[in-house]
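Have a look at the structure below, then the notes.
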Amino acid sequence: MERGGPVRVMVVDDHPMWRDAVARDLAEAGYEVVATAAGGAQALRITGAARPDVVVLDLQLPDMSGVEVTRGLRAAHPAVRVLVLSASGEQQDVLDAVKAGAVGYLLKSAARPEFLDAVRRTADGDAVFTPGLAALVLGEFRRLASVPSAGGGDAPRLTERETEVLRMVATGMSYKQIATRLVLSHRTVQNHVQNTLGKLHLHNRVELVRYAIEHGLAEDSEPG
Amino acid sequence: MTVTVTAGPQGGQGGAQGGSSEPLWRAIAVFRFASLGYATLRVALIDRAEYSRPDWAWVVIAAMAAWTAGTTIAYARPERRTRLLLSADLVVTAGLLLSTAVLQYPQAPRHGVTPVTATWVAGPVLAWAVRYGRRAGTIAALIVSGCDVVLVRGAVFGVALNGVVLLILAGVIVGHLARLAAEVEAERQYAIEVEAASRERERLARDIHDSVLQVLALVQRRGAEAGGAAAELGRLAGQQEAALRALVRGGSGDGTGGPAPGAPGEADLRAAILSAQTDRVTVSVPAQAVLLQQAATDELASAVRAALDNVRRHCGEQARAWVLVEDEPGLVTVTVRDDGPGIPDGRLAEAAAAGRLGVSQAIRGRLRDLGGSATITSVPGEGTEVELRLPRVGSAGVRRQRERA
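Below is the structure:
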């Protein structure tokens, strides 16, 4: 993303201590923390005015789920990139948030450099894949492939290379290690990872539209 | 946990006392008034000619009315339903019933005339049954019907018998009903308590999740940055966070780990392997439960733990490891990778030949017993990878290919 000035970040977390610590880290690293919010409704309300590039979102909020917030943010502000942080391995919630449009996921216990790096990559438009997220995405594609009725032939599939790359990410290998092992460029590895997420987002959107049409919620919507 | 139904000066005497029997007491009061009306109508309209002393019969009816009003008020409060009051009720009722002997002509029973009290005599029987249960109800019924039998002096015993049987049945059935109501009430109370307890547990889990885990994660993060002794503290906080997280996940059941196992004898492999997660070991799993037979789950988890022990032994405490669980329709794969120095080329085969591959061999053995396979690959400088593959039972046979080294 090319844009003048520092990256604008909004932090959404109901825990004040954590929120302040994250905001301070971001400010020290040169990011502009344009807003903080303690709940999902507040976050959705102020996003328009705060115009963040990246939203750092805790999955566990008191008023609404992180999945709902992600969906709401993506619907109202498609340019905003959502990086999900969660204190624990709520696998289904993380997967749902990613399917709803979050582009990255990090455990809260991640060290500061790792976190700052994740925010930077999110701002750059890269997917932030932890081993945990890679395993979730792998599992989701396998589930989609094994459910025959899930929309006939249009269930998304991973290429062999994408599966290979995701498995390596899921076993803790860095993009650099993967690139070396597969004799690819760093960028290509990154693209493979990005593609898996893109397929999942697209599939999710198609599913949502189909659901809307089946239930008479949409008269003439087009996917995408 | 104590539950106070009614605040009274003295405690109840147990039995069918409590909220559940209140409707029964109200029903008894209604029954008494209805019976009083019936008895009045009988004296006034149907049996008038049978009374030698009709004026005294009206006195008895008036006494019945007074007693009905008195007992209704007295029984309204649970703490007043004492043995003394119920005994008095029984004695007064029996007395009024027996007064029939001096009110009616001697031959009246033969004409099928009811005693002056008519069905009103069932009042104390029902009261005893509700208050003290089936047996007390039966005894009260026997006493009242005994008086009834004395009255007819065997003249038309067959007719009297009908009333006796009905009265005893009423005593037994109402007593039984009261007991059932009390049991249902107790169960309801217990269910409420259980629900309250589980809600409290969920709240605690949520609170721990929202506060303690956050602080531990923060300590871990800050500690790692500070280095030195603080890094050790941070590492410990990380371990506690992982342990507490597992505990909360197990306690609250739903919401975190996805749906619970379906078929009996099956277990979620994810839960078994997630418990191996520490600050140095990252476990990554799919969102859906990975269901295997309990025995297979245990064995696979043991194999994973053995592999992780091996990592610690050969690569040191600081080595990091990653565990990946994959679930395909016919195959479950668990991969354990470390970032240690790896095993130099040929060393693995050499060690195997020399019989010095204890742990690896044990892992292979476990998987072979389950009908699966284990593959160990290592590139010097890039760590070691152990891949455990277990075909699902019922899927195309046992595959043992790709067994190398």
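Chains as they are written, first to last, in my numbering: chain D, 1072 to 1295; chain G, -5 to 399. Beta carbons: idealized from backbone N, C-alpha and C, even for Gly.
For the segment 1241 to 1257 of chain D, which residues have a beta carbon sitting closer than 9 Å to at least one beta carbon of chain G?
-> Ala1241, Thr1242, Gly1243, Met1244, Gln1248, Thr1251, Arg1252
What residue from G:Leu361, G:Gln271, G:Asp201, G:Pro103 has the CA that sits closest to Asp1085 (chain D)'s CA?
-> In the first sequence, the residue the question calls residue 1085 (chain D) occupies position 14. Comparing Cα-Cα distances from Asp1085 (chain D) to each of G:Leu361, G:Gln271, G:Asp201, G:Pro103, the minimum goes to G:Asp201.
For Gly232 (chain G), return the contacting residues in chain D, with the cut-off set at a CB-CB distance below 7 Å.
-> Working through the second sequence from its first residue, we reach residue 232 (chain G) at position 238. Result: Ser1180.
Where Gly249 (chain G) and Val1165 (chain D) are concerned, what is the direct C-alpha to C-alpha distance, given to the nearest angstrom?
-> Against the second sequence, residue 249 (chain G) aligns to sequence position 255. Against the first sequence, residue 1165 (chain D) aligns to sequence position 94. In this predicted model, Gly249 (chain G) has a pLDDT of only 36, less than 50, meaning its place in the structure is not dependable; the value taken from the coordinates is given anyway. In a straight line, the C-alpha of Gly249 (chain G) is about 12 Å away from that of Val1165 (chain D).
Which residues in the same chain have their Cβ closer than 8 Å to the Cβ of Ala1226 (chain D), if we skip the five residues on either side of it in sequence?
-> Locating residue 1226 (chain D) in the first sequence gives position 155, counting from the first residue. Excluding residues within five positions, the ones whose Cβ falls inside 8 Å are Leu1215, Ala1216, Val1218, His1274.
Verify the CB distance criterion: does Gly280 (chain G) have a CB-CB separation below 8 Å to chain D?
-> Stepping through the second sequence from its first residue, residue 280 (chain G) is reached at position 286. One detail in the question is off: residue 280 (chain G) reads as Pro in this sequence, not Gly. Yes, contact with chain D.
Taking Leu302 (chain G) and Ala315 (chain G) to be in contact with their CB atoms under 8 Å, please state how far apart those CB atoms are, rounded to whole angstroms.
-> As a first step, residue 302 (chain G) must be located in the second sequence, where it is residue number 308. As a first step, residue 315 (chain G) must be located in the second sequence, where it is residue number 321. Rounded, the Cβ-Cβ distance is 6 Å, consistent with contact.
Measure the CB-CB distance between Leu161 (chain G) and Val119 (chain G) and report whether it falls below 8 Å.
-> Walking along the second sequence from the start, residue 161 (chain G) turns up at place 167. Walking along the second sequence from the start, residue 119 (chain G) turns up at place 125. Yes, the Cβ-Cβ distance between Leu161 (chain G) and Val119 (chain G) is below 8 Å.
Could you check which residue in G:Pro374, G:Arg383, G:Tyr45, G:Gly377 has the C-alpha nearest to that of Gly365 (chain G)?
-> Sequence index remark: in the second sequence, residue 365 (chain G) carries index 371 (1-based). With distances taken between Cα atoms, Gly365 (chain G) lies closest to G:Arg383.
Which two residues bound the contiguous alpha helix (DSSP H) that contains Trp316 (chain G)?
-> As a position in the second sequence, residue 316 (chain G) is number 322, starting the count at 1. Per DSSP, Trp316 (chain G) belongs to no alpha helix (DSSP H); it is in the beta strand (DSSP E), 315 to 322.
Contacts around Gly252 (chain G), its chain only, beta-carbon distance under 7 Å, and the 5 residues preceding and following it disregarded | As a working note, residue 252 (chain G) is residue 258 in the second sequence. Here Gly252 (chain G) scores only 39 on pLDDT, less than 50, and its place in the model should not be relied on; the value that follows carries that caveat. The residues are Ala281, Gln282, Ala283.
Between the CA atoms of Ile167 (chain G) and Gln456 (chain G) - distance to the nearest angstrom | What is shown of chain G runs -5 to 399, which leaves residue 456 (chain G) out entirely.
Interface partners of Ser1217 (chain D) on chain G, CB under 7 Å = As a first step, residue 1217 (chain D) must be located in the first sequence, where it is residue number 146. Simply Pro323.
Does the Cβ of Thr1230 (chain D) have 16 or more other Cβ atoms within 10 Å, making it buried, or fewer, making it exposed?
-> To locate residue 1230 (chain D), count along the first sequence from 1; it is residue 159. With fewer than 16 other Cβ atoms within 10 Å, it is exposed.
Of the choices G:Gly217, G:Val159, G:Ala211, G:Pro17, whose alpha-carbon is the least far from that of Gly234 (chain G)?
-> Your numbering for residue 234 (chain G) matches position 240 in the second sequence. For clarity, residue 234 (chain G) is Gln in the given sequence; the question names Gly instead. Answer by Cα proximity: G:Ala211.
Could you tell me whether the Cβ of Ala218 (chain G) comes closer than 8 Å to any Cβ of chain D?
-> By 1-based counting over the second sequence, the position of residue 218 (chain G) is 224. Yes - at least one Cβ of chain D is within 8 Å of the one on Ala218 (chain G).
Any chance you could list the beta strand (DSSP E) runs of at least 3 consecutive residues sitting entirely within the segment 1093 to 1163 of chain D, in chain order?
-> 1103 to 1108, 1125 to 1129, 1152 to 1157
Between Arg362 (chain G) and Ala368 (chain G), what straight-line distance do the alpha-carbon atoms span, to the nearest angstrom?
-> Position 368 of the second sequence, counting from 1, holds the residue named residue 362 (chain G). Position 374 of the second sequence, counting from 1, holds the residue named residue 368 (chain G). Roughly 8 Å between the two C-alpha positions.
So, is Arg1133 (chain D) buried or exposed, given that buried needs 16 or more other C-beta atoms within 10 angstroms?
-> Mapped onto the first sequence, residue 1133 (chain D) falls at position 62. For clarity, residue 1133 (chain D) is Pro in the given sequence; the question names Arg instead. So Pro1133 (chain D) counts as exposed.
Pull up the distance between the alpha-carbon of Val279 (chain G) and that of Glu16 (chain G), whole angstroms please.
-> Sequence index remark: in the second sequence, residue 279 (chain G) carries index 285 (1-based). Sequence index remark: in the second sequence, residue 16 (chain G) carries index 22 (1-based). Those two C-alpha atoms are separated by around 56 Å.
For chain G, is any of its Cβ atoms less than 8 Å away from the one on Arg1116 (chain D)?
-> Residue mapping note: residue 1116 (chain D) aligns to position 45 of the first sequence, counting from 1. Taking Cβ atoms only, chain G never reaches closer than 8 Å to Arg1116 (chain D), which makes this a no.
Reference Gly64 (chain G); option with closest CA among G:Ala199, G:Leu230, G:Asp83 = What you label residue 64 (chain G) is simply residue 70 of the second sequence in a count that begins at 1. Ranking G:Ala199, G:Leu230, G:Asp83 by Cα distance to Gly64 (chain G) puts G:Asp83 first.
How is the beta strand (DSSP E) around Val380 (chain G) delimited, first residue to last?
-> Within the second sequence, numbered from 1, the residue matching residue 380 (chain G) stands at position 386. Val380 (chain G) -> beta strand (DSSP E) spans 378 to 385.
Beta-bridge partners of Tyr45 (chain G), as assigned by DSSP = One-based indexing of the second sequence puts residue 45 (chain G) at position 51. Answer by DSSP bridge pairing, in chain order: G:Gln98.
Using a C-beta cutoff of 8 Å, does Arg1095 (chain D) count as contacting chain G?
-> One-based indexing of the first sequence puts residue 1095 (chain D) at position 24. By this cut-off, Arg1095 (chain D) is not an interface position.
Ala191 (chain G) versus Ala199 (chain G): straight-line alpha-carbon distance, rounded | Here residue 191 (chain G) is taken as the residue at index 197 of the second sequence, counted from 1. Here residue 199 (chain G) is taken as the residue at index 205 of the second sequence, counted from 1. Those two C-alpha atoms are separated by around 12 Å.
Determine whether the Cβ of Trp316 (chain G) lies closer than 8 Å to any Cβ atom of chain D.
-> For this step, residue 316 (chain G) is matched to residue 322 along the second sequence. So yes, Trp316 (chain G) belongs to the interface.
Opposing strand residues paired with Ile370 (chain G) [DSSP bridges] | Locating residue 370 (chain G) in the second sequence gives position 376, counting from the first residue. BP columns for Ile370 (chain G) point to G:Val380.
CB Tyr1176 (chain D) to CB Val1155 (chain D), shorter than 8 Å?
-> Residue numbering aside, residue 1176 (chain D) sits at position 105 when the first sequence is read from its first letter. Residue numbering aside, residue 1155 (chain D) sits at position 84 when the first sequence is read from its first letter. Yes. Within cutoff.
Determine whether the Cβ of Ala1173 (chain D) lies closer than 8 Å to any Cβ atom of chain G.
-> For the purposes of this step, residue 1173 (chain D) is taken as the residue at position 102 of the first sequence. No, because no Cβ of chain G sits closer than 8 Å to the Cβ of Ala1173 (chain D).
Determine which residues share a DSSP beta bridge with Arg331 (chain G) and list them.
-> Indexing the second sequence from 1 puts residue 331 (chain G) at position 337. Bridge partners of Arg331 (chain G): G:Trp316, G:Glu379.
At what residues does the beta strand (DSSP E) containing Gln288 (chain G) begin and finish?
-> As a first step, residue 288 (chain G) is located in the second sequence; it is residue number 294 there, counting from the start. Taken as a continuous stretch (DSSP letters only), Gln288 (chain G) belongs to no beta strand (DSSP E), being part of the alpha helix (DSSP H) at 288 to 309.
Quick one: list the residues of chain D neighbouring Val319 (chain G), beta-carbon separation under 8 Å, in chain order.
-> To locate residue 319 (chain G), count along the second sequence from 1; it is residue 325. Neighbours of Val319 (chain G) on chain D, chain order: Ala1206.
Is the distance from the Cβ of Thr94 (chain G) to the Cβ of Val110 (chain G) below 8 Å?
-> Reading the second sequence from its first residue, position 100 is the one you call residue 94 (chain G). Reading the second sequence from its first residue, position 116 is the one you call residue 110 (chain G). Yes, Cβ-Cβ distance for Thr94 (chain G) and Val110 (chain G) is below 8 Å.
Under 8 Å between C-beta atoms, does Pro1123 (chain D) make it to chain G?
-> In the first sequence, the residue the question calls residue 1123 (chain D) occupies position 52. No - not a single Cβ of chain G is within 8 Å of the one on Pro1123 (chain D).
When DSSP labels each residue in this structure, what does Pro1087 (chain D) get in the three-state scheme?
-> Residue mapping note: residue 1087 (chain D) aligns to position 16 of the first sequence, counting from 1. Looking at Pro1087 (chain D) - three-state DSSP - the assignment turns out to be helix.
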